[in-house]
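Chemist:
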Amino acid sequence: MIHQSENCKQLHIKQFLVTDRNSLPEQFGGFNDVCLIILPSDRQSNTYKIINELIENVAGSSGPEATLTVLGETADLVHVHAKLSLSMQYQLWIGIKRTQPKVAENNSALPNCHFGALVHTKYKGSLKHTKTRVKYSYCPVCDKTTKDYGGKKHIYDSYGTLISDVWRDISADLEGDLNHVIRRFSDLFGIQTYTELIVLDCRGIKTGSQKDKMVEERVEYGKQSSLFAPHSKETPERGKLISGDVLEKLSQVPDNSVDFVFADPPYNLKKKYNSYADDLSIAEYFEWCDRWIYELARTLKPGRTCAILNIPLWAIRHFLYMEKMLRFQNWIVWDALSFPVRLIMPSHYAIICFSKGTPRPLPGLTHGTDDSQIPGQSDTFQPLEPLGEGFCLRRRCIKARQKKQVNDRGPLTDVWWDIHRLKHNSRRVDHPCQLPSPLMYRLINIFTEPGETVLDCFNGTGTTTLTAHQLNRQYIGIEVSGKYHDIAKSRHKEIRMGMDPFRKVVRKLTEKNSPVRRRPKQKYKIPKKTLQLEVRRVARTLDRLPTRDEMLEHGEYPIEYYDKYFVSWGEVCAAARHDGMSENREPDCNLRTATNQLKLFE
Ligand SMILES: C[S@@+](CC[C@H](N)C(=O)[O-])C[C@H]1O[C@@H](n2cnc3c(N)ncnc32)[C@H](O)[C@@H]1O
């Protein structure tokens with residue numbers, strides 16, 4: 104196994120093959136364990152009525168502690184959630200890597216390389232599960248961990264990192280053997296409350312006679328002619344930054360005039376924006392979202408793509424609205440580097456892509472790109488050629504790979520993991536959730552040709568429009584905050600002066616981008632690492648984590664340092680919980696890659 108679950112009481116796995124209505128297990132009354140339903144991957148089969156009944160049966164009759172996980176294709180899980188949300192609590196959407204990508208005809212979508220696991224519980228509150236870690240992965244060239252842990256190795260676990268909501272360390276296919284995925288769920292939920300994992304495998308359900316699809320109220324594009332009928336012959340304003348409210352300003356953009364619309368809306372998670380309260384009620388939030396999504400669809404040219412970035416739960420709701428007028432292309436799993444804020448690290452952001460009518464072949468898949476002109480592009484990032492799975496980003500290793508001509512590129516699919524959220528303040532301007540420019544380089548390169556028009560209706564400090572500008576696209580950016588609008592304007596001016604707006608600059612920032620609390624910058628008389636290692640020493644003599652009073656009594660350093668340098672006692676004790684880790688692959692490890700790839704190229 105390439106994971107480890109702390110104090111796991113492995114569940115007894117009971118598998119049932121569900122082939123028709125009569126083969127459903129009968130008694131789910133009061134069922135209080137974990138159930139895993141596996142859906143067929145073939146969306147054409149007329150099986151949904153039986154599956155819907157099954158899911159409703161399990162959800163309706165399960166007891167107050169039950170957990171239900173459904174494995175399936177993205178588009179199916181969206182509908183499963185719509186049904187389950189009436190009787191169960193949403194907990195998690197896990198993206199799981201496919202072994203065999205599914206390639207769309209005519210390059211009309213990115214190769215699909217993931218399916219999902221949707222987790223709901225009968226109880227409210229956070230998901231109960233074991234603390235599960237995934238083994239560190241190692242770069243096949245330098246044999247060091249894929250991620251650089253820098254000066255923090257002493258506070259990390261020796262085995263691996265906490266599991267996240269994107270599983271790329273294992274892969275499977277919905278049509279194939281799912282045993283290792285099932286086994287992982289039996290460990291993840293191997294806690295005292297549960298004894299059994301009931302697996303209902305619906306992949307063998309026989310086709311029924313009725314055409315009962317999951318999408319029941321579908322409005323075919325074209326039937327709602329009034330929605331998209333052209334009402335204006337004006338050409339859109341090009342290269343425009345517009346200050347104002349999304350709905351008011353979008354209404355001035357003509358129908359069928361934009362080649363790519365993108366939205367990175369406020370997530371309604373109480374972020375502190377400069378002039379926007381990010382805390383509407385859920386109903387108000389979605390009513391508002393539906394209105395601007397409708398406007399975006401109206402402004403989009405036929406055959407072009409609308410992409411919306413949001414957390415998976417909100418993306419599900421956007422999906423249900425969008426599919427009534429647009430056509431689903433991709434759910435891009437952006438596996439963004441996550442903060443370890445929960446036991447399952449939230450690193451899955453969804454970018455849902457829908458086309459207006461039949462999609463055209465995606466320009467980036469058909470023609471490729473010429474990004475040699477973009478200033479400041481790092482030598483590792485290429486918009487249409489992602490870094491291959493597992494290669495590290497250490498400068499020395501990158502240089503060695505380039506020198507030895509190691510091919511460290513992987514295929515472009517709908518799972519993106521080589522783009523990190525902005526970590527260093529030197530790349531940030533004063534905005535709490537600025538996107539990294541590589542994300543927009545990739546999206547714009549995939550979905551547009553040079554000269555075409557890109558629109559972002561929540562443009563913030565301009566990541567989208569700046570990237571479009573650099574890539575010789577036309578752009579329209581709408582932003583309600585005067586402050587962010589002005590920052591975007593001055594950064595476009597920098598491009599016109601031949602500068603790179605994404606270059607590293609030391610700025611005084613007032614808006615926080617991380618949920619992790621930090622102390623102000625200060626000089627440390629004793630390094631924090633030394634203090635944390637001292638706590639580890641004391642913890643070992645006491646055989647438990649020490650309190651502040653115990654550090655006062657047994658510790659070698661003045662207690663004021665602990666008070667001044669750390670945000671919490673939890674941080675003080677961080678190294679005492681683990682043995683620390685090494686970034687080097689263990690020498691006797693069988694997985695060692697053919698005494699590393701470099702030699703192959705010598
Ligand atoms: C998640 S941020 C987008 C950040 C942007 N992608 C960037 O990289 O800078 C959402 C933005 O939407 C803006 N916003 C919120 N409500 C708005 C509205 N009604 N009309 C236009 N913009 C709005 C916020 O001020 C914020 O800058």
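Quick note: the sequence shown uses the working numbering, first residue 104, plus one each step.
A virtual CB, placed ideally from N, CA and C, is assigned to each residue, including glycine.
Computed from a predicted model, the values in this text were never measured in an experiment.
1) Grouping DSSP H, G and I as helix and E and B as strand, with all else coil, what is residue 151?
2) Check whether the segment 453 to 464 and the segment 414 to 431 are in contact - that is, three or more C-beta pairs closer than 8 angstroms.
3) What first and last residue would you give for the alpha helix (DSSP H) that runs through residue 657?
4) Which first and last residues belong to the beta strand (DSSP E) in which residue 363 is found?
5) If we require 3 or more residues per run, which beta strand (DSSP E) segments fall completely within the segment 373 to 438?
6) Distance check for residue 409 and residue 670, CA to CA, integer angstroms please.
7) In angstroms with no decimal places, state the Cα-to-Cα distance between residue 243 and residue 490.
8) With C-beta atoms as the reference, is residue 112 less than 7 angstroms away from residue 293?
9) May I have the straight-line CA-CA distance separating residue 496 from residue 267, to the nearest angstrom?
10) Using a Cβ-Cβ cut-off of 7 angstroms (strictly less than) and excluding sequence neighbours within five positions of residue 632, which residues of its own chain qualify?
11) Just to confirm my understanding: we take residue 405, look at its own chain, exclude 5 residues before and 5 after, and list those with CB closer than 6 angstroms. What are they?
12) Return yes when at least one heavy atom of ligand 1 lies under 6 angstroms from the C-beta of residue 534, else no.
13) For the putative contact between residue 440 and residue 523, defined by C-beta atoms under 8 angstroms, what is the C-beta separation to the nearest angstrom?
14) In whole angstroms, give me the CA-to-CA distance for residue 686 and residue 247.
15) Would you mind reading off the limits of the alpha helix (DSSP H) that contains residue 550?
16) Touch check for the segment 197 to 205 and the segment 223 to 239: three-plus C-beta pairs under 8 angstroms?
17) Taking 7 angstroms as the cut-off, decide whether the C-beta atoms of residue 468 and residue 282 are in contact.
18) Skipping 5 residues on each side, what residues in its chain have a beta carbon closer than 6 angstroms to that of residue 301?
19) Using the Cα positions of residue 190 and residue 156, report the straight-line distance between them to the nearest angstrom.
20) Quick check on residue 705: buried or exposed, where buried means 16 or more other Cβ atoms within 10 Å of its Cβ?
21) Which partner residues of residue 448 appear in the DSSP bridge assignment?
22) Report yes or no: is there a C-beta of chain C within less than 7 angstroms of the C-beta of residue 363?
23) Does the beta carbon of residue 349 fall short of 6 angstroms from some heavy atom of ligand 1?
24) Can you give me the start and stop residues for the alpha helix (DSSP H) that residue 196 sits inside?
25) State the Cα-Cα distance for the pair residue 102 and residue 645, rounded to the nearest angstrom.
26) If we count the other Cβ atoms within 10 Å of its Cβ and call it buried at 16 or more, is residue 599 buried or exposed?
27) Between 572, 539, 537, which has its C-alpha nearest residue 554's C-alpha?
28) Give me the Cα-Cα distance between residue 238 and residue 400, rounded to the nearest whole angstrom.
29) Residue 120 and residue 364 - do their beta-carbons sit closer together than 7 angstroms?
30) CB residue 604 to CB residue 655, shorter than 7 angstroms?
31) Between residue 518 and residue 305, is the Cβ-Cβ spacing less than 7 angstroms?
32) Taking DSSP as the reference, what is the three-state secondary structure of residue 577?
33) Does ligand 1 have even one heavy atom less than 6 angstroms from the beta-carbon of residue 415?
34) Using C-beta distances below 7 angstroms, list every residue in its chain close to residue 560, excluding the 5 sequence neighbours before and after it, in chain order.
35) Could you give the DSSP three-state label for residue 510: helix, strand or coil?
36) Is residue 584 near ligand 1, in the sense that its beta carbon is under 6 angstroms from a heavy atom of that ligand?
Modeler: So, from the data block:
1) helix
2) yes
3) 651 to 657
4) 361 to 366
5) 403 to 413, 430 to 438
6) 42 angstroms
7) 13 angstroms
8) yes
9) 20 angstroms
10) 254, 257
11) 459, 460
12) yes
13) 4 angstroms
14) 5 angstroms
15) 540 to 550
16) no
17) no
18) 117, 138
19) 14 angstroms
20) For residue 705, the predicted structure reports a pLDDT of 36, less than 50, and the residue's modelled location is therefore unreliable. The matter cannot be settled from this model.
21) 267
22) No chain C appears in this structure, which consists of one protein chain only.
23) yes
24) Counting along the chain, residue 196 falls outside any alpha helix (DSSP H), though it belongs to the beta strand (DSSP E) covering 192 to 205.
25) Nothing can be reported for residue 102: it is not among the residues displayed for the chain, which extend from 104 to 705.
26) exposed
27) 572
28) 43 angstroms
29) no
30) no
31) no
32) strand
33) no
34) 349, 353, 366, 395, 399, 581
35) coil
36) yes
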